[in-house]
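Protein chains: 2
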Amino acid sequence: MTARRQPLSQTQTRVLDLLSAAGRPLSAYDLLGKLRGEGVNAPPTVYRALDKLVREGLVHRIESLNAFVACSTPHHHDMATFAICDHCGLVTELTDRPLQDQLAAISGRSGFHATRMMVELRGHCAACAAKAHGHGAPDHAH
Amino acid sequence: MTARRQPLSQTQTRVLDLLSAAGRPLSAYDLLGKLRGEGVNAPPTVYRALDKLVREGLVHRIESLNAFVACSTPHHHDMATFAICDHCGLVTELTDRPLQDQLAAISGRSGFHATRMMVELRGHCAACAAKAHGHGAPDHAH
DNA sequence: GAACGGATGTTATATCATAACACCAATCTG
DNA sequence: CAGATTGGTGTTATGATATAACATCCGTTC
Ligand SMILES: [Zn+2]
Ligand SMILES: [Zn+2]
Ligand SMILES: [Zn+2]
Ligand SMILES: [Zn+2]
Chain A
1 MTARRQPLSQ TQTRVLDLLS AAGRPLSAYD LLGKLRGEGV NAPPTVYRAL
51 DKLVREGLVH RIESLNAFVA CSTPHHHDMA TFAICDHCGL VTELTDRPLQ
101 DQLAAISGRS GFHATRMMVE LRGHCAACAA KAHGHGAPDH AH
Chain B
1001 MTARRQPLSQ TQTRVLDLLS AAGRPLSAYD LLGKLRGEGV NAPPTVYRAL
1051 DKLVREGLVH RIESLNAFVA CSTPHHHDMA TFAICDHCGL VTELTDRPLQ
1101 DQLAAISGRS GFHATRMMVE LRGHCAACAA KAHGHGAPDH AH
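Heads up: the sequence lines are chains A and B, in that order. If you count by the working numbering, then the first sequence holds residues 1 to 142, one letter each, in order. If you count by the working numbering, then the second sequence holds residues 1001 to 1142, one letter each, in order.
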């Protein structure tokens, strides 16, 4: 019952594969770098493929990183939540139904009709928080 | 009991005043345009003033707009929520304590330690949603 | 007065994103 | 089949956002 998918072009498939293989957010220019020599030589091609993939719900744009990541779990793609470690760069997609419901309630309460809800948490992942107990380690997000 | 404030420099005050007067998000370059002729001629000065204001919690950066807005209500500035109308450009800062608590719980549940939580809702404000009953009006966010 | 921190000015550059136009292939449509 | 429509791509150029690196200034502290 999930929405019917448009078939993907070769470039679109290639971009999705690269994002999935990376397992972390990549910028459009990161992708362009990997696609040079495969006939893709200019930003618009990459951005077009990304636009399509985002429309289809297969990829999310992470606004606070200006980067894109493959969706890691099926869900209604108008709402996405990410936890982003500023120390090691780990990005985790979270799904939480109560959160989605509450956001919808909050926006609806003010008459706002949300078509896209984005939540981005910045901080430290469990592993990095444990390592950094006390001494403020310098962050080096990738 | 709100945090002690550092005094603001003249440029910082000027930027905050411009944002408050605008009542809507402005990009760093919007601000630079308004500050030319007042001795501010290059982006770094504006970005530095904005950095300071964001650190002090007086201004928020809206990631999905690459723009900055004066904080409209006192709150713990590590969490901010915005509803952004894609039709008329209206941006409303929302404060909702249960939402903040729930986000903290969700991130904590996975061991993530959040230092900044951002929520951005895109869609249509009450006025625009009412106007657009049915016919898909073309968006023209400002 | 030396040392320091915070802010600024200045030049140059890095990074992210789109406009505009031409071309092509697949699919309707009459 | 001819013509129109849609979606994807290539290409060039440009626009928009953000920072690096270095020099200077100024008020406070020691
Ligand atoms: Zn997802
Ligand atoms: Zn980490
Ligand atoms: Zn605020
Ligand atoms: Zn509106």
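All C-beta atoms in this analysis are idealised placements derived from N, C-alpha and C, irrespective of residue type, glycine included.
Original post:
Regarding Thr92(A) and ligand 1, is the C-beta to nearest heavy atom distance less than 7 Å?
Top reply: Thr92(A) has its CB no nearer than 7 Å to any heavy atom of ligand 1.
Subject >> Proximity of His124(A) and His76(A) at Cβ, strictly below 8 Å >> reply: In this structure, His124(A) sits away from His76(A), with a CB-CB distance that is not shorter than 8 Å.
**OP:** Provide the residue(s) that pair with His148(A) in DSSP beta bridges, ordered along the chain.
**Re:** Shown here, chain A extends from 1 to 142; a query on residue 148(A) therefore has no answer.
Original post:
Between the segment 1080-1109 of chain B and chain A, which residues of the former have a C-beta closer than 8 Å to a C-beta of the latter?
Top reply: Cβ contacts with chain A come from Thr1081, Ala1083, Cys1085, Asp1086, Thr1092, Leu1094, Asp1096, Pro1098, Leu1099, Gln1102, Leu1103, Ile1106 and Ser1107.
Original post:
Quick one: Cα of Arg193(A) to Cα of Thr13(A), how far?
Top reply: As displayed, chain A neither begins before 1 nor continues past 142, which places residue 193(A) out of reach and without an answer.
Original post:
With a CB to CB cut of under 7 Å and the five nearest residues on each side skipped, what residues in its chain are close to Gly1136(B)?
Top reply: Bear in mind that a pLDDT of 45 at Gly1136(B), under 50, signals an unreliable position, so the number given afterwards is only what the model happens to contain. Around Gly1136(B): no qualifying Cβ.
Subject >> Anticipated Cβ contact below 8 Å, Val1040(B) with Thr1011(B), distance rounded >> reply: 6 Å between Cβ atoms; contact.
**OP:** Can you give me the Cβ contacts of Thr73(A) inside the same chain, cut-off strictly under 8 Å, excluding the 5 residues immediately before and after it?
**Re:** The residues Glu93 and Thr95, in chain order, have a CB closer than 8 Å to that of Thr73(A) in the same chain once the five nearest residues on each side in sequence are set aside.
Original post:
chain B beta carbons: is any one of them nearer than 8 Å to that of His77(A)?
Top reply: It does not: the Cβ of His77(A) has no partner Cβ on chain B nearer than 8 Å.
Subject >> Residue ranges of each beta strand (DSSP E) within the segment 36-63 of chain A, 3 or longer >> reply: Within the segment 36-63 of chain A, the complete beta strand (DSSP E) runs of at least 3 residues are 59-62.
**OP:** Could you list which residues in chain B have their beta carbon closer than 7 Å to that of Arg14(A), in chain order?
**Re:** The premise fails here: Arg14(A) is roughly 27 Å from chain B at the closest Cβ pair, so nothing lies under 7 Å.
**OP:** Compile a chain-ordered list of the residues in the segment 1116-1127 of chain B whose CB is closer than 9 Å to at least one CB of chain A.
**Re:** The residues in question are Arg1116, Met1117, Met1118, Val1119, Glu1120, Leu1121, Arg1122, Gly1123, His1124, Cys1125, Ala1126 and Ala1127.
Original post:
Which stretch, first to last residue, makes up the alpha helix (DSSP H) that contains Leu1016(B)?
Top reply: Gln1010 to Ala1022 is the span of the alpha helix (DSSP H), which, as asked, contains Leu1016(B).
**OP:** Grab me the residues of Pro1043(B)'s own chain with a C-beta within less than 8 Å of its C-beta, minus the 5 sequence neighbours each way, in chain order.
**Re:** In its chain, beyond the 5 residues on either side, Ala1028, Tyr1029 and Leu1032 have a beta carbon closer than 8 Å to the beta carbon of Pro1043(B).
Original post:
Looking only at C-alpha atoms, which of His113(A), Ala130(A), Ala22(A) and Glu63(A) sits nearest to Ala1132(B)?
Top reply: The option with the nearest alpha carbon to Ala1132(B) is His113(A).
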